[in-house]
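Undergrad:
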Amino acid sequence: MLGGAKPADGKYRIKMVNLPPEDVLKRNITHWAFYTEGRDKVETLRKFIQAENPEKTLVFTAIAGQVENIAAQLNYKKIPCSGLYAKLDKIGRKKAIDDFKAGRSKVLVTSDLAARGLDIPGISHVVQLDVNENEDFFIHRAGRTARAGKSGINVIFGDEKELRNLSRIEKKLGIVIYPKVLFGGSIRTPDQDGETESGESEK
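Mind the numbering: the sequence shown is residues 47 to 249 in our numbering, read in order.
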């Protein structure tokens with residue numbers, strides 16, 4: 047994929063953006079989807095992290111102004127978390143990344159803009175707090191896990207409209223996205239009757 051911006055001198059400079067190969071999305075990454083309304087997404091994220099206990103989670107939000115708020119809420123709930131956003135100065139950015147790399151923060155929350163050029167090994171989970179209609183956002187986010195031949199989990203939180211967009215992306219990319227629910231402090235697969243795989247109704 048090629049991208050470029052026209053600078054002041056009027057000359058375009060082309061930057062190559064590498065998308066993960068399709069087989070990585072299909073073979074190395076497991077995709078999960080959780081239904082959740084917008085107002086409940088941060089609390090759903092907290093419950094997901096506590097249930098899954100992921101090794102290293104990169105969380106994406108399309109609303110850059112919400113990064114600090116999300117990180118603050120997770121830290122308040124005793125989940126070590128750093129935030130990475132465009133207005134963060136160089137020292138603050140370095141600290142957030144270093145804390146995440148070193149495991150002092152198990153979660154790094156960022157916007158798509160702030161994550162440009164970010165390449166951190168060992169990310170076990172990616173969480174997308176929203177679904178963009180452009181599948182390139184989905185691909186770039188998901189591709190931050192399953193690096194160097196490793197496997198990873200890509201998690202999407204969406205409301206009814208977002209999950210409809212996600213269904214379209216699923217078909218276009220030829221991947222399988224598995225619906226999941228949080229129940230009793232664990233992650234389960236719903237059956238067709240709206241019950242969990244253990245036979246208990248979700249509430």
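Glycine included, each C-beta is placed from N, C-alpha and C at the ideal position.
Considering Cα atoms alone, identify which of I137, E89 and D176 is closest to K123.
TA: E89
Undergrad: Name the DSSP bridge partner or partners of I75?
TA: Beta-bridge pairing links I75 to G198.
Undergrad: Does the pairing of the region 77-84 with the region 188-206 give three or more beta-carbon distances under 8 Å?
TA: yes
Undergrad: Would you report the Cα separation of N200 and N74, rounded to the nearest angstrom?
TA: 10 Å
Undergrad: I need the straight-line Cα distance from I137 to D144, nearest angstrom please.
TA: C-alpha separation (whole angstroms): 10 Å.
Undergrad: What number of angstroms, rounded off, separates the C-alpha of G230 from the C-alpha of P126?
TA: For G230 and P126, the gap between their C-alpha atoms comes out near 23 Å.
Undergrad: I'd like to know whether the C-beta atoms of F94 and V172 end up nearer to each other than 9 Å.
TA: no
Undergrad: In terms of residues, what are the limits of the alpha helix (DSSP H) holding S128?
TA: Counting along the chain, S128 falls outside any alpha helix (DSSP H), though it belongs to the beta strand (DSSP E) covering C127 to L130.
Undergrad: Any idea what DSSP makes of T103, helix, strand or coil?
TA: In the structure shown, the three-state DSSP call for T103 is strand.
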